[in-house]
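Numbering (the numbering used here), first residue to last: 10 to 105. Please read the structure below before turning to the comments.
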């Protein structure tokens with residue numbers, strides 16, 4: 010029980026100021042704001058907990074999925090259909 014108590018005592022509160030900095034970084038990337046959804050929230054949480062804006066997670070996997078959903082053909086999309094592929098390549102190249 011002492012070991013558990015020692016571990017608990019070492020846990021620090023998340024640094025919420027870092028979460029704000031992380032959000033600013035996310036918003037500066039080449040993507041619509043908030044478009045990565047829950048992943049953006051998770052990134053801010055990791056930064057707040059680790060206390061490091063450039064924290065590297067070992068043994069990670071990222072699955073990038075993208076598709077057009079038909080709005081381009083309806084003429085109501087803000088961007089042409091080829092932007093989807095360009096955005097995916099930008100993600101893979103570290104631009105978002």
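In this text, a Cβ means the ideal position worked out from N, Cα and C, and glycines have one as well.
- Less than 7 Å separates the beta-carbon of residue 81 from that of residue 90.
- Residue 57 is positioned such that its CB atom lies no closer than 7 Å to that of residue 35.
- Distance check between residue 102 and each of 64, 73, 84, 87 places 73 closest, using alpha-carbon atoms only.
- Contact between residue 31 and residue 62 holds, with the beta-carbon distance rounding to 6 Å and staying under 8 Å.
- In the three-state reduction of the DSSP assignment, residue 103 falls in the coil class.
- Assigned with DSSP and collapsed to three states, residue 11 falls in helix.
- Around the beta carbon of residue 21, fewer than 16 other beta carbons lie within 10 angstroms, which makes this residue exposed.
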